[in-house]
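**Student:** This is the structure I have questions about; it appears just below.
Protein chains: 4
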Amino acid sequence: MSETKKSAGVAPAFAGRHEPRPLPFDPSKLRGLSERLIRSHWENNYCGAVKALNVVEQRLAAMLDDPVLPPYVYGDLKREELLRTGSVGLHELYFANLGGDGEADDAIHRVLSRAFGTFSTWEAEFRRTANALAGGSGWAVLALGPEGDLHNYWAWDHTSGAPGSRPLLVLDMYEHAYHLDYGAAAARYVDAFMQNVDWEEVSRRLADATASVGTRYETWDQTSTPG
Amino acid sequence: MSETKKSAGVAPAFAGRHEPRPLPFDPSKLRGLSERLIRSHWENNYCGAVKALNVVEQRLAAMLDDPVLPPYVYGDLKREELLRTGSVGLHELYFANLGGDGEADDAIHRVLSRAFGTFSTWEAEFRRTANALAGGSGWAVLALGPEGDLHNYWAWDHTSGAPGSRPLLVLDMYEHAYHLDYGAAAARYVDAFMQNVDWEEVSRRLADATASVGTRYETWDQTSTPG
Amino acid sequence: MSETKKSAGVAPAFAGRHEPRPLPFDPSKLRGLSERLIRSHWENNYCGAVKALNVVEQRLAAMLDDPVLPPYVYGDLKREELLRTGSVGLHELYFANLGGDGEADDAIHRVLSRAFGTFSTWEAEFRRTANALAGGSGWAVLALGPEGDLHNYWAWDHTSGAPGSRPLLVLDMYEHAYHLDYGAAAARYVDAFMQNVDWEEVSRRLADATASVGTRYETWDQTSTPG
Amino acid sequence: MSETKKSAGVAPAFAGRHEPRPLPFDPSKLRGLSERLIRSHWENNYCGAVKALNVVEQRLAAMLDDPVLPPYVYGDLKREELLRTGSVGLHELYFANLGGDGEADDAIHRVLSRAFGTFSTWEAEFRRTANALAGGSGWAVLALGPEGDLHNYWAWDHTSGAPGSRPLLVLDMYEHAYHLDYGAAAARYVDAFMQNVDWEEVSRRLADATASVGTRYETWDQTSTPG
């Protein structure tokens, strides 16, 4: 089959072949987050999103063949694609930054102090951003922007994100992330989350992201460090 | 001043010192997009967003010092921060991918054919995603995801984006991007935009993004290329 | 004090004096919805929204006095006002349409059959709209529009609604409405909700709303009823 | 044909038979808003929304027959239904409250003074809410809430609205409402809009809405009027 004859249906963009990743930690071992909660979250919300994304990609391919389809109807499904892509990606980042001891090392402390003034300012802002989403839905995300800048982002749902930014630490504030264990006490869930952060994973992400941001970040890094 | 005493107000995350970037092309030379439109877009919408982002970052720092502030009020300004961050970043990407001749080279054709089946399937989907936003607001974005996957994303406003994805080609569908020239005829604006795409910039972004995605992308690249 | 000297702070629009309404039924008596869930929902989510709305209204009054405040910062708090207004109003409608036996009378059957083809078509669409929001947040709302038309509306969050429409039956699909009892099994929660609908309240709302829609509704009512 | 056999396709909720209403004023006679702008707005944005709503209602009926359709795909089209319903309804309210001389009578002054402290406080807040949406999309809406309360609401797009509220004065802040005449100078468009408000229409809506709110409003009306 020639390159140009491949139908959209089997092209990677529309293949719908995403597979869930297993939990990267033992869900019975987290502090303050029950195995029941984590398993339900992984199975229903994360795996559900993977399944839905596959369905959506394949439906998009079928819709592309319909020449009279109004663009806005296509757009409705493109919104669902973005929503599910965000849900899959953010859940993978979330589970992968859990399972640690909650202790950030010196290098992380230095980087976050440089960006936010002090480490505790960073932590206060990250928690406040998370708590701002209590009772609703969304994510709090520490991310490295394309200029090497670090920010905590407020994300209202799975479709939200800063363009070109690289998520380093991701906290799910959808109620399915905590209600089974904490009911409406979202701030106590945030406490529990912080005690289970795998900061080594965050460091790995920061190293990857910094490498890709490149020279600009290094420059910024030096000029903004007073003696 | 000790590291920990630096106030949030002068920390980079709250510094509010973003500067607008000049237009990277001569705005009198685009085909089908008037100098008046481009200058208004750059000055009012883009520079306005830079200014607003600076204000918001500094207000966040001031708010952080208020211990009784309800988190949701802080969250309201965090939303504005994300909105302005998205507007600044996407506008910079948009202007930087204009000013070209609209002709994608063979390498781009190959990459997009591989991901979408054919180049024209890619283009049809990109245009349909853009046209789905006609009469409202948003962006159509071709982006490389963290797994090396390529997708056209539908973004409803400046806050939308797929987590960890790298924008390669960005098309502004806010009405301020075309009404002065085309009124409600959004599809004609999309035609004009496509004739001015700077595909060399897209290639540079793809090279940068691919480098950072690394091995996984290369692997995918090979396995999904039938002989 | 003269009319024009009254400060915005004590004017009704900015007074911040909303009071929670008590539950209009015995929360230990619902079928399939636990007292613990209902009490947490009422106290934390509904009463929390009332409290927040009061804070927001008073903050708006204070902000109005600041002549250099950028409009978009004011807008951020106006969004929170709409969000909380929606949450308060929808929760009041929700609790008030619970506590019944789930049996719609003949008049309701006739009205919904006329609008949707059959009562079961209405119910299927209402449930599907609700289930579309599973795992996230939002509301399913049966409402009478300003032309006397009946529709089930999909609402993504508390800010969503059709202009001028009158909600008749309101179903909360935020995860706080069911996770404590059903975890991720949203469809089972929808089943439970339907068994507790107070259709007499729905009839009262319909009568009120129809009266206000007036002649146009009556006309439509007759012309669209085939013999 | 029996009541229960009517297919969803011809039921009013899915009929897709909305017809555009003509402009209720002479578009060549507004002050500061060009005939070209108004005609484009009416024809492209409003009539386009009517057409789209008809398509969406009919597609919903067809989708209802598909028993294996995932609810979230149905929900995507329900979102489009709400979006188009909002666009149709708000545009009708907008055009119908234009064409006047911009002078509110004494009764309106009294009502708004009572609710906001002074008429000029009301106007300042309405304008600020509108200007908060400059450069993006949305609506500023003065509405009577179900308790007889008056508020200016900030609406981000056509899907936004306070539950059960009755819009009295509606200002379109989508860029298609002003860019042809004012470019990015949104505040000047708001000035022009205010000079063309048909306050008699607003009074009629207030009378209708007050009648339907009924006794609660009268009570509030009296107790909140200081001597």
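Residue numbers (this note's numbering), protein chains in the order written: chain A, 1 to 227; chain B, 1001 to 1227; chain C, 2001 to 2227; chain D, 3001 to 3227. Note that the Cβ used here is the ideal one computed from N, Cα and C, for glycine as well. None of these values were measured; they are calculated from a predicted model.
#1: Can you check DSSP and say which residues form a bridge with W3199 of chain D?
#2: Can you check the segment 7-76 of chain A for any alpha helix (DSSP H) of at least 4 residues that lies completely inside it and give the ranges in chain order?
#3: Here's the rule I'm using: 16 or more other beta-carbon atoms within 10 Å means buried, otherwise exposed. How should K1230 of chain B be labelled?
#4: Just the Cα atoms here: how many angstroms apart are M2063 of chain C and R205 of chain A?
#5: G3016 of chain D to L3053 of chain D, Cα distance in whole Å?
#6: Might you give, ordered along the chain, the residues of its own chain that have their beta carbon closer than 6 Å to the beta carbon of S113 of chain A, omitting 5 neighbours on each side?
#7: How would you label V10 of chain A, buried or exposed, when you count the other beta carbons within 10 angstroms and need 16 or more for buried?
#8: For A134 of chain A, does the count of other Cβ atoms within 10 angstroms reach 16, so buried, or fall short, so exposed?
#9: Do L3090 of chain D and N3196 of chain D have their C-beta atoms within less than 8 Å of each other?
#10: Check this for me: beta carbons of L1144 of chain B and A1209 of chain B, under 8 Å apart or not?
#11: On a Cα-Cα basis, can you pick out the residue from D:D3105, D:P3067, D:A3184, D:D3198 that is closest to N3236 of chain D?
#12: Using 8 Å as the threshold, is the segment 39-55 of chain A in touch with the segment 3036-3044 of chain D, meaning 3 or more CB pairs across them?
#13: Along chain B, in chain order, which residues have C-beta atoms closer than 8 Å to that of P2070 of chain C?
#14: Would you mind telling me which residues of chain C sit closer than 8 Å to L180 of chain A, beta carbon to beta carbon, in chain order?
#15: Please list the partners that N2045 of chain C has in chain A, where partner means a Cβ-to-Cβ separation under 8 Å.
#16: From M2194 of chain C to F2014 of chain C, what distance separates their C-alpha atoms?
#17: Strictly below 8 Å CB to CB, what residues from chain B border V2073 of chain C?
#18: Counting only beta-carbon atoms, is H176 of chain A nearer than 8 Å to chain C?
#19: Using beta carbons (cut-off 8 Å, strictly below), is T49 of chain A in contact with chain B?
#20: When you compare only the Cα positions, how much space is there between N2152 of chain C and R2128 of chain C?
#21: Taking only the alpha-carbon atoms, compute the straight-line gap between G100 of chain A and S1165 of chain B and give it to the nearest angstrom.
#22: Listing by chain order, which chain A residues have their CB less than 8 Å from the CB of H1151 of chain B?
#23: For N2152 of chain C, write down the residues that DSSP places opposite it in a beta bridge.
#24: With DSSP collapsed to three states, give me the class of S3087 of chain D.
#25: Please state whether DSSP places D2172 of chain C in a helix, a strand or coil.
#26: I want to see whether chain B comes within less than 8 Å of S3040 of chain D, judged by CB atoms only; does it?
#27: Would you identify the three-state DSSP class for K3005 of chain D, choosing helix, strand or coil?
#28: Between L1093 of chain B and P1022 of chain B, is the Cβ-Cβ spacing less than 8 Å?
#29: Grouping DSSP H, G and I as helix and E and B as strand, with all else coil, what is S165 of chain A?
#30: Could you confirm whether any beta carbon from chain D is found closer than 8 Å to the beta carbon of L2093 of chain C?
#31: The alpha helix (DSSP H) that contains Y182 of chain A, what's its start and end?
#32: Count the other C-beta atoms from every protein chain shown that fall within 10 angstroms of the C-beta of V3202 of chain D, then say buried if there are 16 or more, exposed otherwise.
#33: Where DSSP assigns a beta bridge to H98 of chain A, which residues make up the other side?
**Tutor:** Let's see:
#1: According to DSSP, W3199 of chain D bridges with nothing at all.
#2: 35-40, 47-64
#3: Because chain B spans 1001 through 1227 in this model, residue 1230 of chain B falls outside it and cannot be assessed.
#4: 41 Å
#5: 7 Å
#6: F119
#7: exposed
#8: buried
#9: no
#10: yes
#11: Given that chain D is displayed from residue 3001 to residue 3227, the structure contains no residue 3236 of chain D and the question cannot be resolved.
#12: no
#13: A1052, V1055
#14: H2179, L2180, G2183
#15: G135, A184
#16: 37 Å
#17: V1055, V1056, R1059, L1077, E1080
#18: yes
#19: Looking at the sequence itself, residue 49 of chain A is Ala, so the reference to Thr does not match. Output row for A49 of chain A: interface = no.
#20: 10 Å
#21: 26 Å
#22: A13, E81, T85
#23: C:L2142
#24: helix
#25: strand
#26: yes
#27: Caution applies to K3005 of chain D, whose pLDDT of 40 falls short of 50 and renders its modelled position unreliable; the model cannot decide the point.
#28: no
#29: coil
#30: yes
#31: 179-182
#32: buried
#33: First, the residue type needs correcting, since residue 98 of chain A is Leu and not His in the sequence shown. Answer is A:V197.
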